[in-house]
Amino acid sequence: MASNPFQQAVSAGSVTKPPSRGDYSSDTLFRSVAYGSAFLIIILMAYILWEIGGQALPAMQKYGFGFITGIGWNPGKEEFGILPEIWGTLYSSLLALLIGGVFGISIAIFLTQDFIEARLAVVFRTIVELLAAIPSVVYGLWGIYILIPALRPIANFLHEHLGFIPFFGSELSGPGMAPAALVLAIMILPTVAAISVDAFRRIPYKVKEAAFGMGTTRWEAILKVMLPTASSGILAALVLGFGRALGETMALAMLIGNVDQISLSIFSPANTLASLLASNFPEAGTLEVQSLMYAAMALLVITLLVNVAGLAIQQYTVRKFEGKK
Amino acid sequence: MTAPIEQTVSNAASYTPTSPVVINCDIDKIYYGDFLAVRKSVVPIEKNKITGFIGPSGCGKSTVLRSLNRMNDLISVFRLEGQVTYHGQNIYARNVDPVVVRRYIGMVFQQPNPFSMSIYDNVAFGLRLNRFKGNMDERVQKALEGAALWKEVKDKLKNSGLSLSGGQQQRLCIARAIATEPDVLLMDEPCSALDPIATRQVEELMLELKEHYTLALVTHNMQQAMRVADNTCFFGVDISQGGRTGYLVEMGKTKQVFEDPQAQLTKEYVAGEFS
Amino acid sequence: MSTTNPPLSSATTLVKDYNLQRQPLEYRAMKSIFLTGMTWAMAILASVPLFSVIYMLVIKGGTRINWETLTALPPAGFEMGGGFGNAIIGTLVMVVIASAISVPFGTLAAVYLGVFDPNSRTATLSRFLAKTLTGFPSILAGVFVYSILVIKFGYSALAGGISLAVLMLPTVVLAAEEAMRQVPQRMKDAAYGMGCTRSQVIWKVVLPTGMPGILTGVMLAVAGAAGESAPLLFTALFSNYYISEVMEPTASLSILIYNFSAMPFDNQIELAWTASLVLVLIVLIFNILARLLGRAKV
Chain A
1 MASNPFQQAV SAGSVTKPPS RGDYSSDTLF RSVAYGSAFL IIILMAYILW EIGGQALPAM
61 QKYGFGFITG IGWNPGKEEF GILPEIWGTL YSSLLALLIG GVFGISIAIF LTQDFIEARL
121 AVVFRTIVEL LAAIPSVVYG LWGIYILIPA LRPIANFLHE HLGFIPFFGS ELSGPGMAPA
181 ALVLAIMILP TVAAISVDAF RRIPYKVKEA AFGMGTTRWE AILKVMLPTA SSGILAALVL
241 GFGRALGETM ALAMLIGNVD QISLSIFSPA NTLASLLASN FPEAGTLEVQ SLMYAAMALL
301 VITLLVNVAG LAIQQYTVRK FEGKK
Chain B
1 MTAPIEQTVS NAASYTPTSP VVINCDIDKI YYGDFLAVRK SVVPIEKNKI TGFIGPSGCG
61 KSTVLRSLNR MNDLISVFRL EGQVTYHGQN IYARNVDPVV VRRYIGMVFQ QPNPFSMSIY
121 DNVAFGLRLN RFKGNMDERV QKALEGAALW KEVKDKLKNS GLSLSGGQQQ RLCIARAIAT
181 EPDVLLMDEP CSALDPIATR QVEELMLELK EHYTLALVTH NMQQAMRVAD NTCFFGVDIS
241 QGGRTGYLVE MGKTKQVFED PQAQLTKEYV AGEFS
Chain C
1 MSTTNPPLSS ATTLVKDYNL QRQPLEYRAM KSIFLTGMTW AMAILASVPL FSVIYMLVIK
61 GGTRINWETL TALPPAGFEM GGGFGNAIIG TLVMVVIASA ISVPFGTLAA VYLGVFDPNS
121 RTATLSRFLA KTLTGFPSIL AGVFVYSILV IKFGYSALAG GISLAVLMLP TVVLAAEEAM
181 RQVPQRMKDA AYGMGCTRSQ VIWKVVLPTG MPGILTGVML AVAGAAGESA PLLFTALFSN
241 YYISEVMEPT ASLSILIYNF SAMPFDNQIE LAWTASLVLV LIVLIFNILA RLLGRAKV
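Protein chains in written order, with full-length UniProt numbering: chain A, 1 to 325; chain B, 1 to 275; chain C, 1 to 298.
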C-alpha cells in the first residue's frame with residue numbers, strides 16, 4: 001500500500017485510515033449502477049415507444065391514415081377503423097373530467113380553505129385516497145350491478161322528458177357512456193383533488209392575508225383571489241386528470257358497452273381505445289393483432305401528449321411560486 | 001481612489017508561528033462561480049493550539065475553515081487558488097482524495113447533526129467506517145468521556161442520538177468526531193445553536209481537547225475567542241470593488257489581537273464598533 | 001339609538017354604511033352560505049361511492065368468505081361451490097416478481113436522482129419521464145411486455161410480473177427520491193465530514209434514514225399493482241389451476257373478477273364479489289402498512 005503522509009501525523013491510538021481499495025471500487029461500482037438505473041428509465045421509455053410503434057408499423061403501412069378515420073371493427077373482412085373508439089375515449093374522458101374535475105376542485109377547496117378542522121380534514125383526505133385505492137375491476141363490478149340499475153330510472157326519466165336534447169337521445173339499456181363516465185369521474189377525482197390541494201398549498205400566506213385584509217367574505221377570497229392564484233396548478237390537475245381518464249381500461253371495458261358507434265347521447269353504448277384492446281386482444285389473429293397495435297400506438301401518442309402537457313404546466317406552476325416565496 | 005482587490009497582505013496579517021504548523025493555509029483566491037469570496041489570506045494552524053477565526057458576517061471565515069478539509073468541494077461552483085499544506089502535502093493537489101483528507105481532519109458543525117441512529121452507533125460510526133476491529137465498547141466510552149458526555153448517556157446508549165438536548169447532541173457530535181482520534185478538529189460556530197450553559201460546557205471541552213488535538217474554531221462571539229483561542233485570526237470584508245470579498249486582516253496571539261490590535265479595522269471590530 | 005351616521009365626506013362614501021353587524025340576508029352573505037353548502041354537499045357526495053362500494057363488498061362478498069372459497073379452484077360454468085385460491089396465490093406471486101424488479105432498480109435510480117447528481121441532464125430527463133410514466137395507461141404496459149416477451153416465450157406469470165413492475169417503477173422511483181431528499185443536508189454533511197465516500201454516505205446514512213419514506217412508496221406501489229388487471233390480459237392470461245412455475249399463465253384476483261363479472265351464473269357472480277372483497281382487503285392492508293411505515297420513528 002502506498003505510503004500515506006498523513007498517517008504519521010496522528011497519535012498511536014488513532015484509528016483513522018484512508019478508505020480501502022474495496023471501498024473505492026465498490027464506490028465506483030455503486031455510482032455506475034445508480035447512474036445506469038436512472039438512465040435505464042430513459043431507455044425504457046424509448047423502448048416502449050420503439051416496440052409498440054414497431055408492432056404497429058405493418059398495420060400503419062397497410063391502412064394508413066384511414067385507420068384513424070374509419071368506422072367499424074371487422075376482423076373477418078379485415079376492415080378496421082378506430083374513429084368510434086377515439087370518439088369514445090375522448091368523450092368519456094371529457095365527461096369524466098367535467099364531473100370529476102368540478103368535484104375534485106371543490107374538495108380541494110374544502111380541504112385547504114379552513115372549512116373543517118384539521119382532524120376532520122385528515123378523515124376526508126383518507127376517504128379521497130381510498131377512492132383512489134379501489135381497483136378498476138372492482139369499480140367495474142360495482143358499476144354493473146349497482147350503478148347501472150340505480151342510474152336507469154333517472155336516465156329513462158331524462159330520456160322521456162328531455163329526449164330532444166341530443167345528450168339524452170337514447171335509452172339506457174345497460175352499459176353505456178353515462179355509467180362509464182361516472183365511474184371514470186370517481187376514479188380521477190382523487191388525482192384532480194390531490195394536485196389541486198398542492199396548488200392551493202403553494203399560495204403564499206400573505207396573499208390570503210391581503211384578501212381578507214380588504215374585507216372579503218371567505219368565498220370572495222376563494223373565488224377572486226385563491227382560485228386565480230392557483231389557476232395554473234389547477235389547470236395542471238385537470239390536464240393530468242384527463243390524462244388518467246384517457247388511460248383507464250377495465251372499468252370502462254366493463255361499463256361502456258363495447259359497441260362501435262359514435263353518438264352524442266350519454267346513454268348509448270360506445271367503445272374506447274383501451275376497451276377495444278382489452279376485449280378483442282384475447283381472441284385476435286395476427287392481422288387483427290397488428291391493427292390492435294396500431295390502436296395501441298394511437299392511445300400511447302394521445303396519452304403521452306396529454307401527460308407531458310400536464311407535467312409541463314405543473315412544472316411551470318412550481319417555478320412560478322418558487323420565485324414568489 | 002480605492003486600491004485594487006489584488007493587494008498584498010498587510011503586515012498585520014502575517015504571523016510568525018511559534019509552534020509546529022500542522023496546516024499551512026495559503027490562499028490566493030476563493031471563487032464561488034464568478035464571485036470572489038476570499039482573497040489573499042495566509043493562516044498557519046499550530047499544533048495543539050486553538051486558532052480562532054473571528055470577523056463580521058460575510059468575511060469568509062467559515063469558507064476558509066471549510067477549505068481546510070475540502071468540505072467546500074460539495075459546492076460545485078467552488079474554486080480555490082493557492083494551496084493548503086497539511087503535513088507537507090498540498091491537499092488541493094490533483095492526486096489527493098478529499099475523502100482521505102477528511103479522515104484526518106474532522107469537523108463539528110454549527111447545527112448539531114447526529115445521525116438518526118442510537119448514541120452508541122453515532123459514536124461508533126467513525127470506528128466502523130475505518131474498519132476498527134478492536135474493542136468497540138471501550139473506544140465509544142473513551143470518546144464519550146472525552147466529550148464530557150459519558151456520565152449523562154452511559155445508561156441509554158441505545159437511545160436515538162436525536163433524543164438528546166441540543167447541547168448534548170453537539171457533544172455527541174464531538175464524541176463522534178474524536179472517536180477515531182483524528183489529527184485536527186475544525187469547529188464551525190459549534191456553540192451558536194446552544195444555550196449559555198451548554199456553550200460553557202463545550203468551551204471547557206475545547207480547552208481539554210487541545211491537549212491531544214489541534215483545533216480551529218470559527219466564532220461570531222468575540223468573548224468566546226478571548227476565552228478559548230490561543231491564536232486569533234480576524235477576517236474583514238472588502239467592498240471596494242463592489243462585491244463582498246473576505247480577507248485576513250490580522251492574525252496574532254489572542255491577547256495581542258484584542259489588547260493591541262495592529263490594523264485599524266481590527267481596532268474597530270474588537271471595540272464593538274461593528275459586527 | 002340611531003343606526004345611521006352622517007357621512008364624513010364624499011371620499012368615504014365608497015364604504016357604504018357603518019353597520020358592523022352580521023347581516024345574513026344580505027346578498028354577499030347569502031351567496032357565501034350557498035356556496036359553502038354546495039361544497040359540503042359535494043364533499044359528502046364524493047364519499048358516497050366509497051361507502052357504497054365497501055358496503056356492497058361486505059354484503060355481497062362477505063357471505064362467501066370461508067376456507068373453501070379461499071383455497072378451492074375456480075368453478076366451471078354450471079358448477080356450484082369452488083373458490084379462487086389459485087387467484088390469490090397468482091396475484092401474490094406476480095406482485096412479488098414485480099417488487100423484486102422494481103424496488104432495487106427504482107431505489108438505485110432514485111439514489112442517482114436524489115443524491116448523486118440531481119441536476120444533471122440525465123437526472124432531469126429521467127425524473128421527467130418517471131413522472132410521465134405514472135400516468136401511463138396500464139393496458140399499454142401489458143401490450144409492451146406482450147410484444148417483447150409473450151410473443152417469444154408465451155403467456156406467463158413472469159411476463160405478468162414484469163408488466164406490473166413497469167407500472168410500479170415510477171411510484172417507487174419518485175417516492176424513494178423524495179424520501180432521500182428529505183434526509184437533512186446536515187446529516188449528509190456530517191457523513192462527508194467523517195470522510196465517507198459518496199456511496200458510504202448513501203449506504204450508511206441516507207438509505208437507513210430515508211427507509212420509512214421508501215417503504216411507504218413501495219407499499220403504495222404494491223397496493224396499486226395488486227389491483228391491476230389490464231396488463232395481465234396480455235401477459236399472464238388466466239388459469240384454472242394453481243401455479244406451478246413462473247413461465248406459465250396464472251390466475252389473478254383481478255382477472256378472475258373481470259371474467260366472472262360477465263358470466264350469466266349466480267355462483268360466479270357471487271365469487272366475483274367475494275374476490276373483490278379479498279382484493280380490496282389486500283389493497284387496504286398495503287395502504288395501511290404504507291401509512292404506518294411512513295410514521296416510523298426517524
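No residue lacks a Cβ here, since even glycine has one placed at the ideal position from N, Cα and C.
Below 8 Å on the Cβ atoms is my guess for CYS25 of chain B versus ILE45 of chain B; work out the distance and round it to an integer in Å. Here residue 25 of chain B refers to the residue found at position 25 when the second sequence is read from its first residue. Here residue 45 of chain B refers to the residue found at position 45 when the second sequence is read from its first residue. Going by Cβ atoms, the distance from CYS25 of chain B to ILE45 of chain B rounds to 7 Å, so yes, they are a contact pair.
Return helix, strand or coil for LEU65 of chain B, following the three-state DSSP convention. Residue numbering aside, residue 65 of chain B sits at position 65 when the second sequence is read from its first letter. Helix at LEU65 of chain B.
Alpha carbons only, please: which of B:HIS220, B:GLY167 and B:LEU215 is nearest the one belonging to LEU194 of chain B? Within the second sequence, numbered from 1, the residue matching residue 194 of chain B stands at position 194. Ranking B:HIS220, B:GLY167 and B:LEU215 by Cα distance to LEU194 of chain B puts B:GLY167 first.
Quick one, are the C-beta atoms of ALA176 of chain C and ALA110 of chain C less than 8 Å apart? By 1-based counting over the third sequence, the position of residue 176 of chain C is 176. By 1-based counting over the third sequence, the position of residue 110 of chain C is 110. Going by C-beta atoms, ALA176 of chain C is nearer than 8 Å to ALA110 of chain C.
Is there a Cβ of chain B sitting closer than 8 Å to that of VAL278 of chain C, yes or no? As a first step, residue 278 of chain C is located in the third sequence; it is residue number 278 there, counting from the start. Judged by the 8 Å Cβ criterion, VAL278 of chain C is not in contact with chain B.
Is there contact between the region 94-104 of chain A and the region 223-243 of chain A, where contact requires at least three CB pairs shorter than 8 Å? yes
Output the distance between the C-alpha atoms of LEU70 of chain C and ILE144 of chain A, rounded to the nearest integer angstrom. Here residue 70 of chain C is taken as the residue at index 70 of the third sequence, counted from 1. Here residue 144 of chain A is taken as the residue at index 144 of the first sequence, counted from 1. Cα to Cα, LEU70 of chain C sits roughly 24 Å from ILE144 of chain A.
First and last residue of the alpha helix (DSSP H) that includes LEU186 of chain B? Working through the second sequence from its first residue, we reach residue 186 of chain B at position 186. No alpha helix (DSSP H) holds LEU186 of chain B; the beta strand (DSSP E) holding it covers 184-188.
If you check the beta carbons only, do THR16 of chain A and GLU181 of chain B fall under 8 Å apart? By one-based count along the first sequence, residue 16 of chain A stands at place 16. By one-based count along the second sequence, residue 181 of chain B stands at place 181. Yes. Within cutoff.
Hey, is the region 141-157 of chain A in contact with the region 115-128 of chain A, meaning 3+ C-beta pairs nearer than 8 Å? Between the region 141-157 of chain A and the region 115-128 of chain A, the count of C-beta pairs closer than 8 Å stays below three; the two stretches do not touch.
If we define contact as Cβ-Cβ less than 8 Å, is ALA87 of chain C a contact residue for chain D? Protein chains A, B and C are contained in the structure displayed, whereas chain D is not.
So what does LYS29 of chain B bridge to, in DSSP terms? On the second sequence, position 29 is the one that residue 29 of chain B refers to. Answer by DSSP bridge pairing, in chain order: B:ARG39 and B:GLU81.
Length of the line joining the Cα atoms of GLN110 of chain B and GLY52 of chain B: For the purposes of this step, residue 110 of chain B is taken as the residue at position 110 of the second sequence. For the purposes of this step, residue 52 of chain B is taken as the residue at position 52 of the second sequence. Roughly 15 Å between the two C-alpha positions.
Bridge partner(s) assigned by DSSP for GLN89 of chain B: On the second sequence, position 89 is the one that residue 89 of chain B refers to. In the DSSP output, where bridge partners are listed per residue, GLN89 of chain B has B:TYR86.
Hey, could you find the ends of the beta strand (DSSP E) ASN231 of chain B is sitting in? Along the second sequence, read from residue 1 onward, the residue named residue 231 of chain B stands at position 231. 231-238 is the extent of the beta strand (DSSP E) around ASN231 of chain B.
Would you list the residues sitting across from ASN74 of chain A in a DSSP beta bridge? The residue given as residue 74 of chain A occupies position 74 in the first sequence. The partner list for ASN74 of chain A (beta bridge, DSSP) reads A:GLU79.
Below 8 Å on C-beta distance, what does ASP99 of chain B contact in chain C? Here the question's residue 99 of chain B lines up with position 99 in the second sequence. Contrary to the premise, residue 99 of chain B reads as Val rather than Asp in this sequence. Within 8 Å Cβ-Cβ: GLY195, CYS196 and THR197.
Does the Cβ-Cβ distance between ILE52 of chain A and LEU252 of chain A come in under 8 Å? Here residue 52 of chain A corresponds to residue number 52 of the first sequence, with the count starting at 1. Here residue 252 of chain A corresponds to residue number 252 of the first sequence, with the count starting at 1. No. Outside cutoff.
Less than 8 Å between CB atoms is the rule here; does LYS206 of chain A satisfy it with respect to chain B? Along the first sequence, read from residue 1 onward, the residue named residue 206 of chain A stands at position 206. Output row for LYS206 of chain A: interface = no.
Check THR216 of chain A in the structure and name its three-state DSSP category. Walking along the first sequence from the start, residue 216 of chain A turns up at place 216. Residue state, collapsed to three classes: coil.
Starting from ALA130 of chain C, find everything on chain A with Cβ-Cβ shorter than 7 Å and list it in chain order. Taking the first residue of the third sequence as 1, we reach residue 130 of chain C at position 130. Chain A residues near ALA130 of chain C: ILE41.
Beta carbons nearer than 8 Å to chain B: which residues of the region 181-195 of chain C have them? PRO184, ARG186, MET187, ASP189, ALA190, ALA191, TYR192, GLY193, MET194 and GLY195
Taking Cβ-Cβ distances below 8 Å as the criterion, which residues of the region 204-233 of chain C are in contact with chain B? LYS204, VAL205, PRO208 and THR209
List, in chain order, every chain C residue whose beta-carbon is nearer than 8 Å to that of ASN113 of chain B. Locating residue 113 of chain B in the second sequence gives position 113, where the first residue counts as 1. In chain order: PRO184, ARG186, MET187, ASP189 and ALA190.
How long is the line joining the alpha carbons of MET1 of chain A and PHE234 of chain B, rounded to whole angstroms? As a working note, residue 1 of chain A is residue 1 in the first sequence. As a working note, residue 234 of chain B is residue 234 in the second sequence. With a pLDDT of 34 at MET1 of chain A, under the threshold of 50, the modelled position of that residue is not reliable, and the figure given next carries that caveat. One C-alpha to the other measures close to 42 Å.
Identify the contact partners of THR180 of chain B in chain A, using a Cβ-Cβ distance below 8 Å as the criterion. Locating residue 180 of chain B in the second sequence gives position 180, where the first residue counts as 1. SER14, VAL15 and THR16, listed in chain order.
Taking the CB atoms as reference points, tell me whether PRO49 of chain C and LEU184 of chain A lie closer together than 8 Å. To locate residue 49 of chain C, count along the third sequence from 1; it is residue 49. To locate residue 184 of chain A, count along the first sequence from 1; it is residue 184. Their beta carbons are not under 8 Å apart, which means PRO49 of chain C does not touch LEU184 of chain A by this criterion.
Let me confirm a value: TRP67 of chain C is counted as buried when at least 16 other C-beta atoms fall within 10 Å, else exposed. Which label applies? In the third sequence, counting from the first residue as 1, residue 67 of chain C sits at position 67. Under this definition TRP67 of chain C is an exposed residue.
Contacts around ALA87 of chain C, its chain only, beta-carbon distance under 6 Å, and the 5 residues preceding and following it disregarded: Within the third sequence, residue 87 of chain C is the residue found at index 87, counting from 1. The residues are ALA251, SER252, LEU253 and LEU256.
Through-space distance from GLY242 of chain B to GLY22 of chain A, alpha-carbon basis: As a working mapping, residue 22 of chain A is identified with position 22 in the first sequence. As a working mapping, residue 242 of chain B is identified with position 242 in the second sequence. Their Cα atoms are separated by approximately 49 Å.
For TYR247 of chain B, write down the residues that DSSP places opposite it in a beta bridge. In the second sequence, the residue the question calls residue 247 of chain B occupies position 247. TYR247 of chain B pairs with B:GLY236.
What are the residues in the region 115-126 of chain B lying within 8 Å of chain C by C-beta distance? PHE115, SER116, MET117, PHE125 and GLY126
Please compile the residues from chain A whose C-beta is within a distance smaller than 9 Å of the C-beta of ASP183 of chain B. Reading the second sequence from its first residue, position 183 is the one you call residue 183 of chain B. Simply PHE6, ALA9, VAL10, SER11, SER14 and THR16.
Hey, how far is the Cα of TRP203 of chain C from the Cα of PHE78 of chain B? Within the third sequence, residue 203 of chain C is the residue found at index 203, counting from 1. Within the second sequence, residue 78 of chain B is the residue found at index 78, counting from 1. Cα-Cα distance, rounded: 26 Å.
Rounded to whole angstroms, what's the CA-CA distance from SER57 of chain B to PRO190 of chain B? Just pull it up for me. By one-based count along the second sequence, residue 57 of chain B stands at place 57. By one-based count along the second sequence, residue 190 of chain B stands at place 190. For SER57 of chain B and PRO190 of chain B, the distance between alpha carbons rounds to 16 Å.
Determine the direct distance from the alpha carbon of VAL280 of chain C to that of ILE289 of chain C, and round the result to whole angstroms. Residue numbering aside, residue 289 of chain C sits at position 289 when the third sequence is read from its first letter. Residue numbering aside, residue 280 of chain C sits at position 280 when the third sequence is read from its first letter. The amino acid at residue 289 of chain C is misidentified as Ile; the sequence shows Leu. Near 14 Å, if we compare the C-alpha coordinates of VAL280 of chain C and LEU289 of chain C.
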